[in-house]
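Asks:
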Amino acid sequence: MPVARHLLSLKRLIRNDQLVMSVAALAVGFAAAAAAVAFRESIDILQELFLGFGSENVATGAAAVPAWRLVLAPVAGGLLIGLFTRYVMPGERPQGVADVIEASALRAGRMSIRQGLGAAAISATSIGCGASVGREGPAVHLGAALASFVGRSLHLTRSQSRTLLGCGVASAVAASFNAPIAGVFFALEVVIGHYALSAFAPIVIASVCGTIVSRMYFGDFPAFIIQEHQIGSFLEFPAFALLGVASAAVAITLMRLSGWIEIKSTAIPLPRWLCPAAAGLVVGVVALKFPEILGVGYEAMDNALKENYGFRLLVTLAVLKIALTALCLGAGFGGGIFSPSLFIGAMLGGAFGLVATEPFPHLSSGHGAYTLIGMGAVSGAVLGAPISTILIIFEMTNDYRLTIGVMVAVVIASLITRVWHGPSFFIDQLKRRGLDLQGGHDMTALRSLRVHDLVKQDHVVVSVDAPMDTLRDRLRQAPHNELFVVEGGETLFGTITLADLGEAAFDRSKDGEHVARDLARRSPPMLAVSDDLLKAIGRFSEVDEGLLAVVDTPENMRLIGCLHERDVMRAYNDALVNQRAEEHGETL
Numbered sequence: 008m009p010v011a012r013h014l015l016s017l018k019r020l021i022r023n024d025q026l027v028m029s030v031a032a033l034a035v036g037f038a039a040a041a042a043a044v045a046f047r048e049s050i051d052i053l054q055e056l057f058l059g060f061g062s063e064n065v066a067t068g069a070a071a072v073p074a075w076r077l078v079l080a081p082v083a084g085g086l087l088i089g090l091f092t093r094y095v096m097p098g099e100r101p102q103g104v105a106d107v108i109e110a111s112a113l114r115a116g117r118m119s120i121r122q123g124l125g126a127a128a129i130s131a132t133s134i135g136c137g138a139s140v141g142r143e144g145p146a147v148h149l150g151a152a153l154a155s156f157v158g159r160s161l162h163l164t165r166s167q168s169r170t171l172l173g174c175g176v177a178s179a180v181a182a183s184f185n186a187p188i189a190g191v192f193f194a195l196e197v198v199i200g201h202y203a204l205s206a207f208a209p210i211v212i213a214s215v216c217g218t219i220v221s222r223m224y225f226g227d228f229p230a231f232i233i234q235e236h237q238i239g240s241f242l243e244f245p246a247f248a249l250l251g252v253a254s255a256a257v258a259i260t261l262m263r264l265s266g267w268i269e270i271k272s273t274a275i276p277l278p279r280w281l282c283p284a285a286a287g288l289v290v291g292v293v294a295l296k297f298p299e300i301l302g303v304g305y306e307a308m309d310n311a312l313k314e315n316y317g318f319r320l321l322v323t324l325a326v327l328k329i330a331l332t333a334l335c336l337g338a339g340f341g342g343g344i345f346s347p348s349l350f351i352g353a354m355l356g357g358a359f360g361l362v363a364t365e366p367f368p369h370l371s372s373g374h375g376a377y378t379l380i381g382m383g384a385v386s387g388a389v390l391g392a393p394i395s396t397i398l399i400i401f402e403m404t405n406d407y408r409l410t411i412g413v414m415v416a417v418v419i420a421s422l423i424t425r426v427w428h429g430p431s432f433f434i435d436q437l438k439r440r441g442l443d444l445q446g447g448h449d450m451t452a453l454r455s456l457r458v459h460d461l462v463k464q465d466h467v468v469v470s471v472d473a474p475m476d477t478l479r480d481r482l483r484q485a486p487h488n489e490l491f492v493v494e495g496g497e498t499l500f501g502t503i504t505l506a507d508l509g510e511a512a513f514d515r516s517k518d519g520e521h522v523a524r525d526l527a528r529r530s531p532p533m534l535a536v537s538d539d540l541l542k543a544i545g546r547f548s549e550v551d552e553g554l555l556a557v558v559d560t561p562e563n564m565r566l567i568g569c570l571h572e573r574d575v576m577r578a579y580n581d582a583l584v585n586q587r588a589e590e591h592g593e594t595l
């Protein structure tokens, strides 16, 4: 019947994965964008409370703020953040884009909404009190956390959850910068890691939603309105390349200093919860002379683009921003790295442009053009996302005339940074947590799988007091002819194989001479239940055995089960097949 046929078609349509993902992307796109707008508005409210004004023109507003308030605002904000972290989120730390990358690569796109909201509160307070951090990273983290919440609610598959995570990221970027194209490519380039159509379509939908919300609320305006620039001569390209080299050096300095301060801050004789307040005191004192360094610094970047700053001020602001951003992030303030890297790049580019254009002004694009190019070069090197950065710069300025110059500097800066330092600031953060995601898709697949997912219970256990005849009988039942010897019922003592029995395996006259304790191999090769499969494969290769004991932790040695090498290889192959299919758009 026609009605039944139509109902069947409707049922199939509802169950279609692409339709489900499109609807989910639509919901996540609007939700993440609304969250980004709310986050931005909360910064203005908190800035009004701390500094007495809620404008992005921080340097102008700070001129009317009493000196005592300018100094104490970052201190008070830092104290609140320290107390919040200690008592409300004990053991937690400010989170950002690195955590989104980790969730995508290792946790199937799963993130905590509680951590997302807590990180947003910390970051809004940090920026509102004047800390030298950015607002885009926290917005991305919050958007991703909301997307993860939706993914869990819908019981999506691993690849669907990762795609939805990218939707939250794309929407947040698009809403933050009024940059829909950059939002798409940032999610694909930094978070997802591939450009499959199955991920591309939902992410585009979410990015468009983010842009719609942003333009409805803030209007359709670029972040910076700049004067027109044209490349004066192709003789400028060596200067653009040199700016790329200088940008790489500055980006590396920023990332290494941030990491060094983060490590050293744990060793100073000061309670961890007081570190943000101490860093805030430094920020406040510096702001008395240079208020441009407060917050995200968009006003200072705008002035640099309009060529309103001299060489000495440009260099001074670049140096101060590097030091204070590293200090704030290392001490525990929440916030992102993108706005500070734009700021530093703007000051570097402006100073470089003044020097480069002085000898041949008639061949120059103007040092404002170098300011724009420097913004892209430094931020692209720091983020490890050259494609996204180039697009963000263009969409933030609506100026495509310097396309080639920006591309040259960004590519050179990114290449040098990758060779001499590493892929990005976010990968640095993950490395300091003991996570290395640089090994490519194969290594990522192994790290995303855990031993506890493959533990079996088909092992054979004997007590340390088991006699020889028991050992001989149990070995016949054991997989790979190996027994696990336990003490106290659950503590792994060692292992026994047929070879360990020696002549006693066939000579029953010696049955009373030994028990399992005497024959067991102490400190046997084993794995912890929390280990990933990369470690498991390495351990199997080391010992050349097909079966390993799995314990709760190496400290308590509580036997959980066993792990077969064949199961590890099967899981690894399945993960690779699914990953390749996802990348080629064959599955969601």
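So the mapping is simple: the working numbering equals the position in the sequence shown, first residue as 1, plus 7. The beta-carbon is built from N, C-alpha and C at its ideal position, and this holds for glycine as well.
#1: Excluding the 5 residues preceding and the 5 following V462 in the sequence, name in chain order all residues of the same chain whose CB lies nearer than 8 Å to its CB.
#2: Identify every run of the alpha helix (DSSP H) within the stretch 401 to 487, keeping only runs that are complete inside it and at least 4 residues long; order them along the chain.
#3: Just the Cα atoms here: how many angstroms apart are V417 and E562?
#4: For the stretch 123 to 136 and the stretch 375 to 387, state whether three or more C-beta atom pairs, one from each stretch, are separated by less than 8 Å.
#5: Measuring alpha carbon to alpha carbon, tell me which residue in D538, G302, A256, G304 is nearest I419.
#6: Does S29 have its Cβ less than 8 Å from a Cβ in chain B?
#7: Taking the beta strand (DSSP E) that G373 belongs to, which residues open and close that run?
#8: Can you give the Cα-Cα distance for G158 and L26, rounded to whole angstroms?
#9: Whose C-beta lies closer than 6 Å to the C-beta of S62 among residues of the same chain, with five residues either side of it excluded?
#10: Does the distance from the C-beta atom of L53 to that of G135 stay below 8 Å?
#11: Which of the three DSSP states, helix, strand or coil, is assigned to C136?
#12: Measure the C-alpha to C-alpha separation of L312 and A353 and round it to an integer number of angstroms.
#13: So, with DSSP's three-state summary, where would you put D507?
#14: So for A358, helix, strand or coil by DSSP?
#15: Considering only their Cβ atoms, is the gap separating V389 from L261 smaller than 8 Å?
#16: If you scan the stretch 307 to 369 from start to end, which runs of the alpha helix (DSSP H) of 4 or more residues do you find wholly inside it?
#17: Out of curiosity, what's the CA-to-CA distance linking P393 and T410?
#18: Just to confirm before moving on: does the CB-CB distance between A333 and S265 stay below 8 Å?
#19: Can you tell which of E109, A181, G84 has the C-alpha that lies nearest to the C-alpha of R439?
#20: For V65 and F46, what's the separation of their Cα atoms in angstroms?
#21: Please report the distance separating the alpha-carbon of E299 from that of V72.
#22: Just to check my reading of the structure: A43 and A182 have Cβ atoms closer than 8 Å, yes? What is that Cβ distance to the nearest angstrom?
#23: Which of helix, strand or coil does DSSP assign to T164?
#24: Beta-carbon within less than 6 Å of V467's beta-carbon, same chain only, minus the 5 sequence neighbours each way: which residues are those?
#25: By the three-class DSSP mapping on this structure, what secondary structure does L195 have?
#26: Would you grab the beta carbon distance between A527 and L534 for me? Rounded to a whole angstrom, and I think it's under 8 Å.
#27: Is the beta carbon of I344 less than 8 Å from the beta carbon of G175?
#28: Whose C-alpha, out of V211, V303, A127, is nearest the C-alpha of A189?
#29: On the premise that I380 lies in contact with G412, defined as a C-beta separation below 8 Å, what is that separation, rounded to the nearest angstrom?
#30: Could you give the distance in angstroms between the alpha-carbon of L171 and the alpha-carbon of E402?
#31: Please classify E562: does DSSP put it in a helix, a strand, or coil?
#32: Using the DSSP secondary-structure output, state which residues sit across from H571 in a beta bridge.
#33: Cα-Cα, which of H487, L478, R546, T560 is closest to R524?
#34: Our contact map puts A596 next to S178 with C-beta atoms below 8 Å; I'd like the distance itself, whole angstroms only.
#35: Quick one: using the 10 Å Cβ neighbour count with 16 as the cut-off for buried, is N310 buried or exposed?
#36: Return the chain-ordered list of same chain residues with a C-beta closer than 7 Å to the C-beta of V415, the five sequence neighbours on each side being excluded.
Replies: Inspection of the coordinates gives the following:
#1: V536, V557, I567, G568, C569, L570
#2: 410 to 427, 432 to 439, 447 to 454, 475 to 484
#3: 48 Å
#4: no
#5: A256
#6: Absence of chain B from the displayed structure is noted, only one protein chain being present.
#7: Run containing G373: none; DSSP gives neither H nor E here.
#8: 14 Å
#9: G68
#10: yes
#11: coil
#12: 7 Å
#13: helix
#14: helix
#15: yes
#16: 318 to 338, 345 to 364
#17: 13 Å
#18: yes
#19: E109
#20: 18 Å
#21: 14 Å
#22: 4 Å
#23: coil
#24: R481, Q484, A485, L490
#25: helix
#26: Rounded, the Cβ-Cβ distance is 18 Å, inconsistent with contact.
#27: no
#28: V211
#29: 5 Å
#30: 24 Å
#31: coil
#32: L554
#33: L478
#34: Past the boundaries of the shown model lies residue 596; the chain is included only from 8 to 595, so the question cannot be answered.
#35: buried
#36: F244, F247, A248, G251
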